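> In the numbering used here, each residue carries its 1-based index in the sequence shown increased by 32. Got a structure for you, questions after.
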Amino acid sequence: MRDLDGKNVVVTGGSYGLGKELARSFVQEGANVYLIARDPVKLDAAVQELTSQVQRGRRVKGFAADVSDREAIFRAIEAIALEGPGIDVLVNNAGIVIPGYFEKIPIEAFETVVRTNYLGAVNSTKAALPYLLKRQRSAITFTSSLAGHKGIFGYSTYSPTKAALISLAEVIRVETRGKGVQVSVLCPPDTDTPGLKSEKKVRPPETSAVSGSAREMPAAEVAACFMRGFKAGKFMVICDFMGRLLYRMNGLAPRLVDFYMDATVALARRKKGS
Ligand SMILES: NC(=O)c1ccc[n+]([C@@H]2O[C@H](COP(=O)([O-])OP(=O)(O)OC[C@H]3O[C@@H](n4cnc5c(N)ncnc54)[C@H](OP(=O)(O)O)[C@@H]3O)[C@@H](O)[C@H]2O)c1
């Protein structure tokens with residue numbers, strides 16, 4: 033989808049972090065942008081910040097809702113569609129991570145992450161799709177992760193939800209084929225956001241060792257990379273060299289990737305032990 037001028041774009045998890053930068057990249061393309069997140073104070077701050085950058089006649093608005101609350105998200109998306117009017121692009125970006133050792137993570141944490149990362153995207157897509165299908169051209173995108181391509185140490189709550197998003201995107205792509213809906217998946221590397229900062233304080237050292245081999249990217253850089261891929265109609269958008277390498281190698285030689293991961297984890301454990 034190349035021309036975003038005047039298009040109505042919904043970004044879940046758009047109040048800070050990567051979502052806010054994705055929202056900004058749509059604002060810069062001349063779109064009307066609607067942010068969804070839970071905390072109304074942070075949402076208002078993002079709306080104010082992005083409003084100062086909108087093009088003439090365009091708008092940014094915030095709608096407080098939790099993506100895991102089906103009724104709330106349907107209400108928010110219906111309100112946006114009424115306001116738009118209509119919706120052209122849905123960016124499913126809201127996501128959380130609860131890292132740790134599988135054996136130690138309470139079962140409720142798995143439920144929370146599934147409800148937010150996977151069912152949150154299902155809820156938002158279910159609510160928005162009827163509006164997207166009314167357009168000649170529309171788009172849905174999912175923020176997954178490289179951890180959706182390969183199960184990563186310490187991410188037992190998270191990796192499966194990100195893999196599920198890739199699979200969901202594949203199904204929606206094929207089911208909406210011929211109906212003008214562009215479907216894409218963004219797999220960011222470690223990206224400098226409030227979410228990553230909090231996660232780094234609590235994640236196992238083995239997880240840091242595995243992630244440490246990739247450069248942390250500024251969120252604005254990831255958003256710019258996403259926008260290039262989105263405008264080029266790419267399905268899978270991966271922004272960094274290590275990410276592309278992991279993606280390709282895991283397809284071609286998964287045992288080699290396992291070997292590398294195992295060796296990195298073993299080294300981190302030796303360091304932890306000493
Ligand atoms: N940062 C990375 O290194 C990285 C790498 C790969 C993939 N990702 C993915 O990129 C996305 C954004 O990550 P981030 O690092 O930018 O996270 P972040 O800094 O924690 O920002 C998360 C955003 O999502 C919103 N949010 C969280 N839970 C929500 C819910 N239940 N309902 C509605 N909004 C919710 C937050 O606002 P409220 O808290 O106010 O709701 C905030 O706007 C996530 O899907 C994440 O998995 C991130």
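The C-beta atom is built at its ideal place from N, Cα and C for all residues, glycine as well. Quick caveat: nothing in here was measured; it's all calculated off a predicted structure.
Only counting the same chain, and skipping five residues up and downstream in sequence, which positions put a Cβ closer than 6 angstroms to that of Thr296?
What you label residue 296 is simply residue 264 of the sequence shown in a count that begins at 1. For Thr296, where only same-chain residues beyond five positions count, the Cβ hits under 6 angstroms are Ala241, Val242.
> Is the number of C-beta pairs between the segment 155-175 and the segment 88-103 that are closer than 8 angstroms three or more?
Result yes; three or more Cβ-Cβ pairs closer than 8 angstroms.
> Which of helix, strand or coil does DSSP assign to Met249?
Your numbering for residue 249 matches position 217 in the sequence shown. The answer is strand: DSSP assigns Met249 an E or B state.
> Whole angstroms is fine: what's the gap from Asp71's alpha carbon to Asn64's?
If you number the sequence shown from 1, residue 71 lands on position 39. If you number the sequence shown from 1, residue 64 lands on position 32. So the alpha carbons of these two residues sit roughly 21 angstroms apart.
> Reducing DSSP to helix, strand and coil, say where Lys39 ends up.
Looking up residue 39 in the sequence shown gives position 7. Three-state result, Lys39: coil.
> At a cut-off of 7 angstroms, is Gly132 close to ligand 1 when judged by its beta-carbon and the heavy atoms of the ligand?
Along the sequence shown, one-based indexing puts residue 132 at 100. No, Cβ of Gly132 sits at least 7 angstroms from all heavy atoms of ligand 1.
> Check the C-beta distance from Ile119 over to Leu151 and give it rounded, since I have them as a contact under 8 angstroms.
Along the sequence shown, read from residue 1 onward, the residue named residue 119 stands at position 87. Along the sequence shown, read from residue 1 onward, the residue named residue 151 stands at position 119. The pair is not a contact, with the Cβ atoms about 20 angstroms apart (cut-off 8 angstroms).
> Quick check on DSSP: helix, strand or coil for Thr189?
To locate residue 189, count along the sequence shown from 1; it is residue 157. Coil at Thr189, not helix or strand.
> Return yes when the Cβ of Val42 is within less than 8 angstroms of the Cβ of Gly128, no when it is not.
Along the sequence shown, one-based indexing puts residue 128 at 96. Along the sequence shown, one-based indexing puts residue 42 at 10. Rather than Gly, the amino acid found at residue 128 in this sequence is Ile. Their beta carbons are not under 8 angstroms apart, which means Ile128 does not touch Val42 by this criterion.
> Buried or exposed: which applies to Leu288, given that a residue is buried once 16 or more other Cβ atoms fall within 10 Å of its Cβ?
Within the sequence shown, residue 288 is the residue found at index 256, counting from 1. Exposed: under 16 other Cβ atoms inside 10 Å.
> Which of the three DSSP states is assigned to Tyr66 in this structure?
The residue given as residue 66 occupies position 34 in the sequence shown. In this structure, Tyr66 counts as strand in the three-state DSSP scheme.
> Can you give me the C-alpha to C-alpha distance between Arg107 and Phe95, rounded to a whole angstrom?
Counted from its first residue, the sequence shown places residue 107 at position 75. Counted from its first residue, the sequence shown places residue 95 at position 63. Rounded to the nearest angstrom, the two C-alpha atoms are 10 angstroms apart.
> Enumerate in chain order the residues of its own chain whose CB-to-CB distance from Lys136 is below 7 angstroms, with the five nearest sequence positions on each side excluded.
Here the question's residue 136 lines up with position 104 in the sequence shown. Hits under 7 angstroms: none found.
> Enumerated in chain order, which unbroken segments of the beta strand (DSSP E) with a length of 3 residues or greater are wholly contained in the segment 63-151?
Entirely contained in the segment 63-151, the beta strand (DSSP E) runs reaching 3 residues are, in chain order, 64-69, 92-96, 121-124.
> So, Lys194 versus Ser177, is the Cβ gap smaller than 8 angstroms?
Against the sequence shown, residue 194 aligns to sequence position 162. Against the sequence shown, residue 177 aligns to sequence position 145. For Lys194 and Ser177, yes; Cβs fall inside 8 angstroms.
> On a Cα-Cα basis, can you pick out the residue from Ile184, Ala78, Val254, Ala252 that is closest to Tyr292?
Along the sequence shown, read from residue 1 onward, the residue named residue 292 stands at position 260. With distances taken between Cα atoms, Tyr292 lies closest to Ile184.
> Rounded to a whole number of angstroms, what is the C-alpha to C-alpha distance between Ala97 and Arg247?
Counted from its first residue, the sequence shown places residue 97 at position 65. Counted from its first residue, the sequence shown places residue 247 at position 215. Cα to Cα, the separation comes out at about 33 angstroms.
> Could you check where the beta strand (DSSP E) with Ala171 kicks off and where it finishes?
Numbered from 1 along the sequence shown, position 139 holds the residue referred to as residue 171. Its beta strand (DSSP E) spans residues 170-175.
> Classify Ala126: buried if its beta carbon has 16 or more other beta carbons within 10 angstroms, exposed otherwise.
In the sequence shown, counting from the first residue as 1, residue 126 sits at position 94. Buried: at least 16 other Cβ atoms inside 10 Å.
> Suppose you measure from the CA of Cys219 to the CA of His181; what does that come to, to the nearest Å?
The residue you call residue 219 lines up with position 187 of the sequence shown. The residue you call residue 181 lines up with position 149 of the sequence shown. Rounded to the nearest angstrom, the two C-alpha atoms are 9 angstroms apart.
> Could you compute how far the alpha carbon of Asp272 sits from the alpha carbon of Thr239?
Residue 272 sits at position 240 when you count from the first residue of the sequence shown. Residue 239 sits at position 207 when you count from the first residue of the sequence shown. Their Cα atoms are separated by approximately 19 angstroms.
> Using a threshold of 8 angstroms, state whether the C-beta atoms of Ala153 and Leu82 are closer than that.
As a working mapping, residue 153 is identified with position 121 in the sequence shown. As a working mapping, residue 82 is identified with position 50 in the sequence shown. Going by C-beta atoms, Ala153 is not nearer than 8 angstroms to Leu82.
> Could you tell me whether the Cβ atoms of Ser47 and Ala78 are closer together than 8 angstroms?
Here residue 47 refers to the residue found at position 15 of the sequence shown. Here residue 78 refers to the residue found at position 46 of the sequence shown. Yes. Within cutoff.
> With distance defined between alpha-carbon atoms, name the residue in Asp35, Met249, Arg167 nearest to Met274.
Within the sequence shown, numbered from 1, the residue matching residue 274 stands at position 242. Out of Asp35, Met249, Arg167, Met249 has the C-alpha closest to the C-alpha of Met274.
> Hey, how far is the Cα of Val269 from the Cα of Arg302?
Taking the sequence shown and counting its residues from 1, the one referred to as residue 269 is at position 237. Taking the sequence shown and counting its residues from 1, the one referred to as residue 302 is at position 270. Computed Cα separation, rounded: 35 angstroms.
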